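First residue of the sequence shown? That's 550 in this note's numbering, and the numbers climb one at a time after it. Glycine included, each C-beta is placed from N, C-alpha and C at the ideal position. Note that the structure is predicted; figures quoted are calculated from it, not measured. Encoded as structure tokens, the structure appears first; notes follow it.
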Amino acid sequence: MTDLGPDAMGERPPDYRAPQAESLLRQVIEIVEAARPMPLSASSMINKEEVLALLQATVQGLPEELRAARWLLKERDDFLAKVQTEGDQIIATSRTSAEQMVQRTELVKTAEERARRVVAEAEDKAREMKLETEDWCDQKLGAMEIVLDRTMRTVASGRSRLQGARPPGGDPAEAVPESNEPDGFFNQDDG
């Protein structure tokens, strides 16, 4: 804030003096009150020269005192205007700061909402991809199961034919094939 000392409102005029008109007028009042009354009259006897000198000094000092009073009023008005301007600037700065904080808050809220949407979309996409992957794996495993099942049946069928072609208790090397027709298997030795 501003210091309110003697020079708080700027420099005083170089020929500034404290107001004297009031003290001069009080001296005139004291002279009139102390004057001797005239007999049988409401009039009083005063020293004409003394009163005139005081009144002339008062009249001569009035323009200077009025100028000083005007200067004080101007300084007061300038000070009030300066304080008002500073107050307006503080209010404007505060409003700007508040608006910026509100905008930042809105930006943060918007960013957080967008981040939540992006995360939710990513989680949904991840779930969808996981389900698709599980379905694909299940399809491939099912296809492999079918192939393996066929392969197992073919192997079992081949084994049972091999066991049926042997004579009971005989040597497998002495076994003679029952027929020369292929039973669904290609024999590379038969050509």
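Determine the direct distance from the alpha carbon of S593 to that of A606, and round the result to whole angstroms. 22 Å
Could you check which residue in V600, A570, Q569 has the C-alpha nearest to that of E579? V600
Inter-residue Cα distance where the pair is P612 and W620: 12 Å
Are the beta-carbon atoms of L603 and L622 separated by less than 8 Å? no
Whole angstroms is fine: what's the gap from M693's alpha carbon to E670's? 34 Å
Does the ligand FMN have a heavy atom nearer than 7 Å to the CB of E672? The ligand content of the structure shown is nil, which means the ligand FMN is not present either.
Please report the residue range of the alpha helix (DSSP H) in which I578 lies. 570–583
Using CA atoms only, rank isn't needed, just tell me which of D637, V696, I595 is closest to V581. I595
Is the beta carbon of E614 less than 8 Å from the beta carbon of A570? yes
Can you tell me whether DSSP reads S593 as helix, strand or coil? strand
Does P586 come out as helix, strand or coil in the three-state DSSP assignment? strand
Work out the CA separation of T645 and M639 for me, nearest whole Å. In the sequence on display, residue 639 carries Ile and not Met. Whole-angstrom Cα-Cα distance: 10 Å.
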